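Asks: Next up is a structure, given as structure tokens.
Numbering (this note's numbering), first residue to last: 1438 to 1508.
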């Protein structure tokens, strides 16, 4: 009997299904990893947008005479 068959008989209906983070939370480990990936990417995009906005407000706008920065 091979290892896969032994595992299948041991796990029964659970065989081939992904493991959950907690037994009572319907979120798998793969879904949790994807959530971390997407939120990290979103945070970096937000940081980039904030830097571009700051540069525009502080330097680009006053350079083109769109407004004045009062310091």
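By construction, the Cβ of each residue, glycine as well, lies at the ideal position given by its N, Cα and C atoms. This structure is a prediction, so every number in the text was calculated from the model and none was measured.
Consult DSSP for residue 1447 and reduce its assignment to one of helix, strand or coil.
Replies: Three-state DSSP puts residue 1447 in a helix.
Asks: Quick check: what's the CA-CA separation for residue 1497 versus residue 1466?
Replies: Distance between the alpha carbons of residue 1497 and residue 1466 is about 45 Å.
Asks: Between residue 1445 and the rest of its own chain, which residues show a CB-CB distance below 6 Å, the 5 nearest in sequence each way excluded?
Replies: Only 1452 meet the Cβ criterion.
Asks: Measuring only the C-alpha atoms, how far is residue 1477 from residue 1492?
Replies: Roughly 23 Å between the two C-alpha positions.
Asks: Let me know the secondary structure DSSP gives residue 1465 once reduced to three states.
Replies: Reduced to three states, the DSSP call for residue 1465 is strand.
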